[in-house]
Structures are given as structure tokens and as C-alpha cells.
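*Asks:* So the protein sequences, as listed, match chains A and B. Going by my numbering, 219 is the number at position 219 of the first sequence; the sequence numbering is gapless. Here my numbering runs 1000 ahead of the position in the second sequence, where the first position is 1. We treat Cβ as the ideally placed atom computed from N, Cα and C, and that holds for glycine. All values derive from a computational prediction rather than experimental measurement.
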Amino acid sequence: MAWSLPRKVSAALLAILLCTAAATAIFGYSKFEGVLSSLVRSRYSVVVFSIKKDIEDRLALGLPLRQLRQVQDAIEREKIDQPQIQGIEVFDAAGEIIFDTDRGAVGAAVSQDWVQAAQAAGHQTFARSEEDSLIVGLPLVDVLGRVVGAGALRYPAASVAEEVRPLLAGQARSGLILLAGFAALAVLGTYAVLAPFGRRLAAMERQLQTTMAEGGPPPAPADNDPFEARFAAFAASTREALEHMQDATQDVGRLDRLEVRE
Amino acid sequence: MIRLDSARSVILRLMVLAALVLLPPMAIIFAGALGDFQQGMEPELDRKAATIGRDLAGDIAHAATLGIPLDRLVGMDEFFAPVLESNPELRYLALTNADGRILFVAGVQATVLAPHYETADFEQAGQRKAIIDAYLDIAVPLEVKGERLGHVHVGMDGGYVPARLHEILIDVVTVLAVAMIIALEVLLYVVALNAAGPLKQISRTFEAARRGDFIRIPAPGARDEVGRFIRTANDAVCRVDELYRRLIAYAEEVKSAHFDKGVVERVAAIEDRIRYLFRFSESGSPEVVHHRRALDVRLPLFLFVLSEELSRSFMPLYGGTFSLPGVSPEMVAALPIAVFMAAIALASPFAGTLTERMGSRRVFLLGLMPAVLGYLLTGLAQAEAGLLVGRVATGIGYAIVTMACQSYVSKAAIGEQKAQGLGVYVGAVLTASVCGNAFGGILAEHAGYRAAFFASAVLAVAAGVLAARLVDPAETVKARREAGVGALFRLLRNWRFAVFVVFAAMPAKLALTGVVFFLAPLYLHQLGWEVADIARILLLYAGSVVLLSPAVARLADASGWRAGLVALGGLIGGGGLLLPLLGGGTAPVLLALLCLGVSHGLSASPQLALVSDLCWTEVQEIGRTGVLAQVRLLERVGSIAGPILAALLVPVTGYAGAIAALGAIAMAMAVVFAVAAVAYGTGPTIGSDAEVRP
């Protein structure tokens, strides 16, 4: 199918409009989601920080980690206070879970990845992601500066998305309607800009066909457009050449016939 | 009224239209989204403040249950300090008693908060959140056994959410600016390819027909209104051509068969008159010519250079994520840039020869193979060796593709249009550099470094799809002269040229790759800037070159003060790079980049013209392109040395010191060049001219 010039330009404009909208939406949302995720993470890290502080204070009194039974109550209290929390675990340097909001998990081992992350974190938080959960943790450091374990909090990975979804659903709907409107404007605008262009070419085409078929005066250039001036000169000289050829052919024919008759 | 054969008049209108349909919807959508983002962030910030407040209140309440009065608590500063330290958006923490009197506060002067606390009624839930000065204050009740003892106040930075929204806004504005430039490139391509270009070609046929020349007609191209118009015009030419051939055939028949010599002579006279008045193709019909235009290659070149520029702002950061035993981290980060430059330098002469033999289109497509492979290898690299192999492949591809484009442009542009053709090439490269830098930074920040290389591969493939439509010439033009090693030594014997290359061209590239490509991204990252911000900061360099170059080119042509501008540029660049010595922080780096941009903006165009002045006789010998190719080859020595030298300096001097050291080298070189430029004199190099033409 042959595409007219306005259609080609409209397609290019629409592609640019869609790509720009997609890029701004993706980058804008991605940055927003990043900021919000880091806020959520830091909120949960405050909870872990509080647990860490509590445990480290008791460790500083010389109590071993395993004997800090109040920690179990503390983490359970935190989970009750904030129902979004999926679980809180406290594990030792070897990765064995000492306290867990899921009491059945006590004695099990956490992933070695967590243990390494805790060892590498120093006094900073570490973050991990699992299938449906995000994890934020803080290493437990004793008075000698040794990492003796870590506290980790698990929260749903989809929490940010769930929070943002209703906000953005409305925004996406109105954005799409607006984009559709401006896309239509782009198409109409392109036709408005380029339709006269096509009409002038079509008019020139007709003029040339008429000039070549019927002769007569060549088309007059409009608005001193150099292209149209050249076109007018072309039409005139082509017509002139055509007439020359016809005249010359007639001359040759006449000479041929005349002499034959004589 | 639109001029039919001018892309400019159509493009101007279409760009206004593009701005009208792109910017308002994005502005409206984004204004709404910003409101939503704010709504989404504020409750989360409140929740965080409440969590901190609850946690602190719990500990303080525990102390209170032990019978310690609130105003007698000790070590509250030490209690608040780690919380303030680990939460950057937290500005202060305060403890008030039941009357709202401040007992302890950390992070802000009590006088800022006291007037509010003393008047507020925190028993009403609605008053527990307040804006005080530039802070968002959240009051958390402190209760022991049901008795309200006071409040813990958590003061969040009131500018935190606006600052995050501002960051998002900057990214979106950057994307929109890049989109507008890409819109310009795409519309220019569509209009030039489908309307302005073909009409310019038929315009040549019109001009020729006016002189009685009906030898050539353009290929009609697409089946749109322009194609139809060209077909109609071509039909008119073909009709005249057909009548001419009938006439000639008839005349020949009469001349060969007629018994009357008088008739034969008169027919021959008619034939001669027609041949005198009009010219037709000897091939039996009008020759259909497929014209090439410099603009045809602009969008493929733009996309290809864009693909490379995406990684400009973070390449040393990405390189720095790898390691090599026994090699410093700085050198590991510098090597990918250096090997890329070396690959370009070594592949360029080979690429030139290849283009002459195979034609631009095929060489463009051939060059894409190593380039795309290189992007994929770079994106997938797990070790420094893989990264280096990827960069070498991309460098080879880059050399081949850009050489193919240069050749295409130079063959498409004839005579007076040469400068215009060069403008098409330089324009595409510079705009791609600006867009690539800006967009690549954002892309890397959101999707990661590796994703940016995969995006580069996609862009390069898109460039190839467009390049496949390019027209290769019917015959390849043999290079005028081989510009090989002999030419290089021939040029270096010209002391003016040697001084220019060593003291002006090489230091310019040394500063470019050493500072803009290598040191600036690493230093800015060390100063805490994110990749997208680094990319935008680097635009100071690219932007000033883009803005300054055209005006300086005109100034240099008008004044003839080319060596002076090159020397001045060198001094400004060298001097600017010394600025980080004055103090740390971002501002000196910004100024240094700006000075370097001004420096290269001042010297880039005059350098090209100066080469022709200095090597007048050599240009006659090996051609201007050959001489420029040698300059490009020699200045790559500076490009390769820049990151290597910088990487050697950083462990000794730090980033700021390394920038200043490269600045000192550039400055010293510029001084030598300025002194030598005084001795250049004016006009062609008569001495070397005499050697060649006795």
C-alpha cells in the first residue's frame, strides 16, 4: 500500500509521541518507585535498628545471644504492631536462627548469602530479595566489634506496587485519553501542514499533463517559488521541444512525400 | 507558503507541530503524576517518622517506668545521635513534657520549635503533624500506664519530597529535550527522503530541460504524491525523448533510402538542427539516475553515534566494577576507553580502503557487525578481558561505520555543497553526542549499565535497517592517492604541521578522553552524584562545543585568525582544568568542563581549516581528506594516552590533582603552540611548496 507524505510524517510523529510518553512514564515511575521503595526499606530498617540496639545493649552486658529470650517477645510485638511485616528473624554468625516470629523456624538455618551479607555489611544495613519478599537486615556487633549474627526483617515485595497501583491507574487512564487526543491533533496538524503541499504538486501535475496534451501557455509560477518557476520553465521548454519534434517530423514527412510525388 | 524543494520550510512547521503535540500532553500528564507521586510519598514519610517516634518513645517510656523523671534523663544526645545519623531525611529529634516544653532536642535549635510546641494541642490527633519552618514535625505520644508524660517529636526534612520530585522532573525534562532532538532528526530524515530530496533532484531535471538537456531523469521513488509528480515530469521527458527517437529513425530512413540528394540534405539539416537544440541520452532512453544526498545518511549515522554515546558518562564507572590482578583499579577503569580509542585509530585506515572498494552502504552494514557484537560482549562481560574484547570490537565497528558515512557524505556533496555535507556529518555526530550522553545516563541509572549496552545494540541495528536503504554509487571512485605511512612522514617533515599536531591536536584529545571521558565521571561519582546527573553535567562540555563551533567557524573564516583561535582554545582549556586545584567540590569540575567545552568549541573548526593552511602543498599532493585522515590518526595518540595517563596520576594526586595535572600539560603545550603560531606567518607554506614544485 502506498503511503502519502502526510501519512508517513504522521506515523513518524505518532511513533515519537508514543516513545516519548513511554520513556517518560517508565523513567518517571521507575524513579518514583525507587524513592518509595527506599523509604519503605528505611522504615523497616528502623524497626531492625531498634531490635539490633536492644540486642547489642544486652550483649554488652555479657549475655550470650541465645539467652536473650526477651528478644522473641520484642520481635513478636513488632510484628503485631505492623501487620505488613511478614517475619523477623535473628540468627547467629553461623546462620542458625535463634529467634523468629515464626517460632517453628527457630533452629533452622538462613541462606549463606544472608550470613555473608551480614558479615560484609559492617554497621550498615543489608538488603536481599526473595521470591515474594524483600529483606532488610542489620548485623549484630559485640563490644569487640565482631559480627555475632544479624537481625533481618521480611516484608512483601509487592507492598510498594500495591500502594502505588491505585494512584497510577487513574493517572494512566487520563494520560492515555490525553495522548489519544494529542495523537489525533498530530495527525490533523500534519495533514494541515502537508495537504497544501500535496495539492500544489497535484495541480502542477495536472498543468503539465494539460500543457503536454493540448499545448497552450505554460503554468505561471506562484508566489515567486523558485521550484515552481523552474517547473514552469520546464513545462514550457518540454512543450517547446515536443512541438519542435512534431514540426520536424512533419517537415521530414512533407519532404519525403513531396519529393516522392514530384 | 511552503517552499516545495526545501526541507527547512517544511521542517520548521513540523517541528512547531511536534512541540505542540509532544510538550503539552507530557506537561499535563506529568503535572498530574507529580501530584500523585507526592501523595504516594508523604504518607510513607509520615509512617517512617511515626515508626522512629514509636521506637524512641518505647525506650523513653521504659526509663520512665523505672521511675526516672523525663527531665532527669541523661545521655539523650547520644541516644538521638545514631538515629539521626542513619536516617538522612531526618532533621531533628525532640522530647517535650506534657506542657509542650522542650526537654531535649538534637539536630536543630530549640528556639525554632518552642513557639509551636508551646501553643499546639497535641491531644487533638489532627495537630500531631505540623510544618514548622522547613521541617515536617510528627509528634508521637509518650505514655506510661495510661498517663501522658509528653511527646517524642520527629522532624523530617520538609524539602525531602519536593527534592525527590525535582529529581524526577529533571529526568523527565531531559527525556523530553532528547525526544525533541530525535523528533527533529527523524522528521528531517522523513521529509528529506520523501519530499525535499526527490523534488530537489527533479528540480535539476527541470533546469537541464530548460537548457534542452533531456538526458537524465530521476528515479521516481515512492508511490506517493511526490513520486506521482516525478513520474508525470519523467513521462513528459520520456515523451519528448520518444518523439525525438521516432524523428531520428524516420530521418535516418529517409536519408538512407531517398534517391533525391536535395531531400537527404534538407532532412539532415533538420536532424542537425534538432541535435543542436536538444540533447538526449545515447542509451536509447532517458537515463534513470539514483541520486545520493548527504542527508540520507544523517539518521543512520545519528542513531549509530547515539548508540556509542549512551555509555559515555558511565564507561569508567562500569570499567571500575571489574578487576585485573596486579593492575590498579583506576587503570582497569581506563583500559576500556584506551583500547576503544586504539581500535578506532588502527581500524580507520583499513576502513577507508574498504569503503573505497565496497561502497558506503555495504561497509556501513559490515561495520555494524563488530559494533553490535561489541555492545553485546560489553553488556555480558563477566571479566575485564571480556569487556576489553567488547570495546575493541565496538571500536573497530565505530571506525568502519563512521568512515563509511564520511565517504558517503563526501561523495554525495559536490563542489560548493562540500561544506554543507560536512555540516550534515558533524551535526549528526554532535547532536547524537548530546542526546546519547543525556539519555544514556538516565537509562543506566534506572536499568543498569548492562542494559544500556543492550540498548546500544538495538540502536545500532536500527541504524543498519535505515542504512540498508542507502544508495551506493554505480561506480566506486578510486582514491586519489594512497594516504599511507609515506604520507604521514611527508606531513611530519612540515614543521608547522608537526608543531600543530603535537602541541594543539594531541593535547586537545588528551584532555577530552582523560578528563571528560575518564576523570570527570569518576570524580563526580566520588562526590556523590548519580549517573544521570553525571551525564547531565558532562553536557556542559558537549553543549558548549555544539553552541560555539558554528559561530567560531564563521569567525575563523572571516578573520583568518585560525592559529590564534586554536592557541586561545588551548590556553582556556588548559587553564580551566587547573581550577580543581583551587578547591574541592563540584563547582570547580563544572567550570573545568565548561572551559574545556569552550576550548574545543573555539579550536575544533579552526583546526580543520588550519590544517589546509599549514599543509597547502601536501593537500595538493595527497588531498585534503588524506591530510585530515593523518591528523585524525595522530591525534588518536592523545586519545589513547589521556585515560592511561590519568589512571597513572590518580593514585598519586587524586582525581582533582589528576585533572589539574592534565590541565598543566595542556596549558604548557598550548603556550608552546601559541609561541610557534606567531612564527607561522600567513599564507601557504612556500618552503615546502618549493620542494615539490621546482
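Which residue's Cα is closest to the Cα of B/Ala-1163: B/Arg-1496, B/Arg-1554, B/Glu-1089?
*Replies:* Nearest C-alpha to B/Ala-1163: B/Glu-1089.
*Asks:* Which of helix, strand or coil does DSSP assign to B/Asn-1695?
*Replies:* Within the shown structure, residues of chain B are numbered from 1001 to 1694, placing residue 1695 of chain B beyond reach of any answer.
*Asks:* Compare the Cα-Cα distances from B/Tyr-962 to each of B/Ala-1061, B/Ala-1505, B/Phe-1304, B/Thr-1205 and report the closest residue.
*Replies:* Since the displayed chain B opens at 1001 and closes at 1694, residue 962 of chain B lies outside it and no answer follows.
*Asks:* Just to confirm before moving on: does the CB-CB distance between B/Ile-1029 and A/Leu-185 stay below 9 Å?
*Replies:* Result no, Cβ atoms of B/Ile-1029 and A/Leu-185 do not sit closer than 9 Å.
*Asks:* Which partner residues of B/Tyr-1135 appear in the DSSP bridge assignment?
*Replies:* In the DSSP output, where bridge partners are listed per residue, B/Tyr-1135 has B/Ile-1132, B/Asp-1157.
*Asks:* So, does the CB of B/Leu-1136 fall closer than 9 Å to a CB anywhere in chain A?
*Replies:* No, B/Leu-1136 does not count as interfacial toward chain A.
*Asks:* Report the option in B/Val-1372, B/Leu-1103, B/Leu-1539, B/Pro-1286 whose CA atom is closest to the CA atom of B/Leu-953.
*Replies:* Here chain B has residues from 1001 to 1694 only, and residue 953 of chain B is not among them.
*Asks:* Report the three-state DSSP secondary structure of A/Ile-98 (helix, strand or coil).
*Replies:* Three-state DSSP puts A/Ile-98 in a strand.
*Asks:* Do B/Thr-1205 and B/Arg-1216 come within 9 Å of each other at the CB atom, strictly closer than that value?
*Replies:* Yes, they are a contact pair.
*Asks:* Quick one: residues in its chain with C-beta nearer than 8 Å to the C-beta of B/Leu-1524, no 5 flanking neighbours on either side, listed in chain order?
*Replies:* Result list for B/Leu-1524: Asp-1533, Ile-1534, Ile-1537, Thr-1586, Val-1589, in chain order.
*Asks:* Hey, does B/Thr-1205 have any beta-carbon neighbour from chain A nearer than 9 Å?
*Replies:* At least one chain A Cβ lies under 9 Å of B/Thr-1205.
*Asks:* Taking the alpha-carbon of B/Ser-1313 as reference, which of B/Gly-1262, B/Val-1389, B/Val-1515 has the nearest alpha-carbon?
*Replies:* Residue B/Val-1515 is the option with its Cα nearest to B/Ser-1313.
*Asks:* Give the range of the alpha helix (DSSP H) segment to which B/Val-1226 is assigned.
*Replies:* Residues 1225-1257.
*Asks:* For B/Glu-1530, which three-state DSSP category applies?
*Replies:* B/Glu-1530: coil per DSSP, three-state reduction.
*Asks:* Alpha helix (DSSP H) containing A/Gly-137: first to last residue?
*Replies:* Where A/Gly-137 is concerned, there is no enclosing alpha helix (DSSP H), although the beta strand (DSSP E) it sits in stretches over 133-141.
*Asks:* Any idea if B/Glu-1044 is buried or exposed, counting beta-carbon neighbours within 10 angstroms, 16 or more meaning buried?
*Replies:* By the neighbour-count rule (16 or more Cβ atoms within 10 Å), B/Glu-1044 is buried.
*Asks:* 9 Å is my cut-off, CB to CB: does B/Phe-1453 come that close to chain A?
*Replies:* It does not; no Cβ of chain A falls within 9 Å.
*Asks:* If distances are taken between C-alpha atoms only, which option among B/Pro-1336, B/Pro-1286, B/Val-1172, B/Pro-1082 comes closest to B/Thr-1321?
*Replies:* Nearest C-alpha to B/Thr-1321: B/Pro-1336.
*Asks:* If we count the other Cβ atoms within 10 Å of its Cβ and call it buried at 16 or more, is A/Gln-250 buried or exposed?
*Replies:* Burial call: exposed.
*Asks:* May I ask which residues mark the beginning and end of the beta strand (DSSP E) holding A/Leu-153?
*Replies:* 147-156 is the span of the beta strand (DSSP E), which, as asked, contains A/Leu-153.
*Asks:* Can you name the residues that DSSP bridges to B/Glu-1147?
*Replies:* For B/Glu-1147, which the question treats as bridged, DSSP gives the partners B/Val-1144.
*Asks:* With DSSP run on the structure shown, which of helix, strand or coil describes B/Glu-1691?
*Replies:* Bear in mind that the predicted position of B/Glu-1691 carries a pLDDT of just 41, short of 50, making it too unreliable to give a figure here.
*Asks:* For A/Gly-87, which three-state DSSP category applies?
*Replies:* Strand.
*Asks:* Check the Cβ of B/Ser-1086 against every Cβ in chain A and list those closer than 7 Å, keeping chain order.
*Replies:* By Cβ distance, chain A contributes Phe-49.
*Asks:* May I have the straight-line CA-CA distance separating B/Ala-1333 from A/His-123, to the nearest angstrom?
*Replies:* Those two C-alpha atoms are separated by around 29 Å.
*Asks:* In angstroms, rounded to a whole number, what distance separates the CA positions of B/Asp-1046 and B/Leu-1142?
*Replies:* Roughly 17 Å between the two C-alpha positions.
*Asks:* Under the three-state reduction of DSSP, which class applies to A/Tyr-92: helix, strand or coil?
*Replies:* In the sequence on display, residue 92 of chain A carries Asp and not Tyr. Of the three classes helix, strand and coil, the one that applies to A/Asp-92 here is strand, per DSSP.
*Asks:* Can you give the beta carbon distance from A/Val-148 to A/Leu-65, rounded, assuming they're within the 8 Å contact cut?
*Replies:* Yes, they are in contact, since the Cβ atoms of A/Val-148 and A/Leu-65 sit about 6 Å apart, within 8 Å.
*Asks:* First and last residue of the alpha helix (DSSP H) that includes B/Ala-1498?
*Replies:* That run of the alpha helix (DSSP H) goes 1495-1500.
*Asks:* Give a yes or no on whether the minimum CB-CB distance between B/Asn-1437 and chain A is below 9 Å.
*Replies:* Judged by the 9 Å Cβ criterion, B/Asn-1437 is not in contact with chain A.
*Asks:* Is the beta carbon of B/Arg-1469 sitting closer than 9 Å to the one on B/Leu-1614?
*Replies:* For B/Arg-1469 and B/Leu-1614, no; Cβs fall outside 9 Å.
*Asks:* Span of the beta strand (DSSP E) holding B/Pro-1218?
*Replies:* Segment 1216-1218, the beta strand (DSSP E) holding B/Pro-1218.
*Asks:* Excluding the five sequence neighbours on either side, which residues of its own chain have a C-beta within less than 6 Å of the C-beta of A/Ala-2, listed in chain order?
*Replies:* None.
*Asks:* Going by beta-carbon coordinates alone, are B/Arg-1503 and B/Val-1672 separated by less than 9 Å?
*Replies:* Correcting the residue identity first, residue 1503 of chain B is Phe in this sequence and not Arg. Yes. Within cutoff.
*Asks:* Bridge partners of A/Phe-126, per DSSP?
*Replies:* Partner(s): A/Gly-137.
*Asks:* Determine whether the beta carbon atoms of B/Leu-1056 and B/Val-1178 lie at a separation below 9 Å.
*Replies:* No, these two residues do not count as a Cβ contact at 9 Å.
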